[in-house]
Amino acid sequence: MTMPLTCRFYSQKFPEVDDVVMVNVRSIAEMGAYVHLLEYNNIEGMILLSELSRRRIRSINKLIRVGRNECVVVIRVDKDKGYIDLSKRRVSPEDIVRCEEKFAKAKAVNSILRHVAEILGYQTNEELEELYQKTAWFFELKMKKQSSSYDMFKHSVNDVSALDELGLDEKTKEVLITHIRRRLMPQAVKVRADIEVGCCAYEGIDAVKNAL
Numbered sequence: 001m002t003m004p005l006t007c008r009f010y011s012q013k014f015p016e017v018d019d020v021v022m023v024n025v026r027s028i029a030e031m032g033a034y035v036h037l038l039e040y041n042n043i044e045g046m047i048l049l050s051e052l053s054r055r056r057i058r059s060i061n062k063l064i065r066v067g068r069n070e071c072v073v074v075i076r077v078d079k080d081k082g083y084i085d086l087s088k089r090r091v092s093p094e095d096i097v098r099c100e101e102k103f104a105k106a107k108a109v110n111s112i113l114r115h116v117a118e119i120l121g122y123q124t125n126e127e128l129e130e131l132y133q134k135t136a137w138f139f140e141l142k143m144k145k146q147s148s149s150y151d152m153f154k155h156s157v158n159d160v161s162a163l164d165e166l167g168l169d170e171k172t173k174e175v176l177i178t179h180i181r182r183r184l185m186p187q188a189v190k191v192r193a194d195i196e197v198g199c200c201a202y203e204g205i206d207a208v209k210n211a212l
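Take the sequence shown: its letter number 180 is residue 180 in full-length UniProt numbering, and every next letter is one higher.
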C-alpha cells in the first residue's frame, strides 16, 4: 500500500517564536506534553508542564488530553537540534480563533494540492513540495502571509487568470483548477421560513391580507 504524500503547509520549515500553531497531543510525560505540529509536517514539540496553565495544576488530564488538537504559542525554537518549546497558558481566546481559521485554510489548500499530486501520479514528497513551491508558497512569499494561498485559490474559482502568474504547465493548471472548484466552490443553499402575521385591530384580516 502506497503511503500518502505529506508536506508542511508553509515555506518555513520551523515556526518562529510567538507564532500560534496547531498541534496534536501525542503523549504526556513528567516534564510536559509531547505534541506534533500539524502545520509543519508533524515535527515534534513540547508543552512544558509550567506552560500548561496559569493556575495551579491539580489534574493534567483536565488541561490536556492525548489525541486532542490544541492551539499553542511558540516560546523557543532550536532549529539545529530540532527543539520546539510551546505554551498553552499564554494563548488568548483571540489567538485561538485566528489559529483555527488559519489552520482550516491551510489544511484545505493542503488537501487540494495532495489530490492534485495524486492525480498527476507524483510518487515522492519532494514532488509535492515542488508543487507547493510553485503554488501555495508562491502566494505566501508574494503576500508575506501564511495561508494567503487559500484566498487566491478561492478567487480563482471565478477568475482563472489569478493562477496565470504561477507558470504551471497546462495539465497541472487544469487539474488544480478542477480540485479548487470542487473544494472551494460556494454551495447553493435553500432557505425556508415560516412566519406568523397577526393583527388585533378592527378589520385585522383585511389588514393582514394587504400587508402580504
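Glycine included, every Cβ here is placed at the ideal spot set by N, Cα and C.
Check: Leaving out the 5 sequence neighbours to the left and right, which residues in its chain are closer than 8 Å to D95 when beta-carbon positions are compared?; Outcome: V20, C71 and V73
Check: Would you call E67 buried or exposed, if buried means 16 or more other Cβ atoms sit within 10 Å of its Cβ?; Outcome: According to the sequence shown, residue 67 is Gly rather than Glu. Per the 10 Å Cβ criterion, exposed.
Check: Where does R8 fall in DSSP's three states?; Outcome: coil
Check: Quick one: give me the first and last residue of the alpha helix (DSSP H) that V109 is part of.; Outcome: P93 to I119
Check: Beta-carbon separation of V35 and R65 under 8 Å?; Outcome: no
Check: Does DSSP classify L52 as helix, strand or coil?; Outcome: coil
Check: Of the residues A33, Y40 and I195, which one's Cα is nearest the Cα of S50?; Outcome: A33
Check: Smallest Cα separation from I84: which of R8, E16 and K145?; Outcome: E16
Check: According to the neighbour-count rule (16 or more other Cβ atoms, all chains shown, within 10 Å of its Cβ), is L141 buried or exposed?; Outcome: exposed
Check: Considering only the alpha carbon of each residue, which of E126, A29 and G167 lies closest to N41?; Outcome: E126
Check: Our contact map puts E39 next to Y10 with C-beta atoms below 8 Å; I'd like the distance itself, whole angstroms only.; Outcome: 6 Å
Check: Give the range of the beta strand (DSSP E) segment to which R27 is assigned.; Outcome: Contrary to the premise, residue 27 reads as Ser rather than Arg in this sequence. First-last of the beta strand (DSSP E) with S27: V20 to I28.
Check: Since R181 and A108 are thought to touch, with beta carbons under 8 Å apart, how far apart are those beta carbons, to the nearest angstrom?; Outcome: Not quite, the Cβ-Cβ distance comes to about 13 Å (not below 8 Å), so this is no contact.
Check: Might you give, ordered along the chain, the residues of its own chain that have their beta carbon closer than 6 Å to the beta carbon of I205, omitting 5 neighbours on each side?; Outcome: none
Check: Just the C-alpha distance for E130 and F153, rounded to the nearest angstrom, thanks.; Outcome: 17 Å
Check: In this structure, what does DSSP give as the bridge partners for I177?; Outcome: Paired residues: none, contrary to the question.
Check: Which stretch, first to last residue, makes up the beta strand (DSSP E) that contains G136?; Outcome: One point to set straight first is that residue 136 is Ala, not Gly, in the sequence displayed. Element bounds for A136: not the beta strand (DSSP E) but the alpha helix (DSSP H), A136 to M143.
Check: Do you know offhand how far G167's Cα is from R54's?; Outcome: 50 Å
Check: Count the other CB atoms, across all protein chains shown, that sit within 10 Å of the CB of R192; report buried if there are 16 or more and exposed otherwise.; Outcome: exposed
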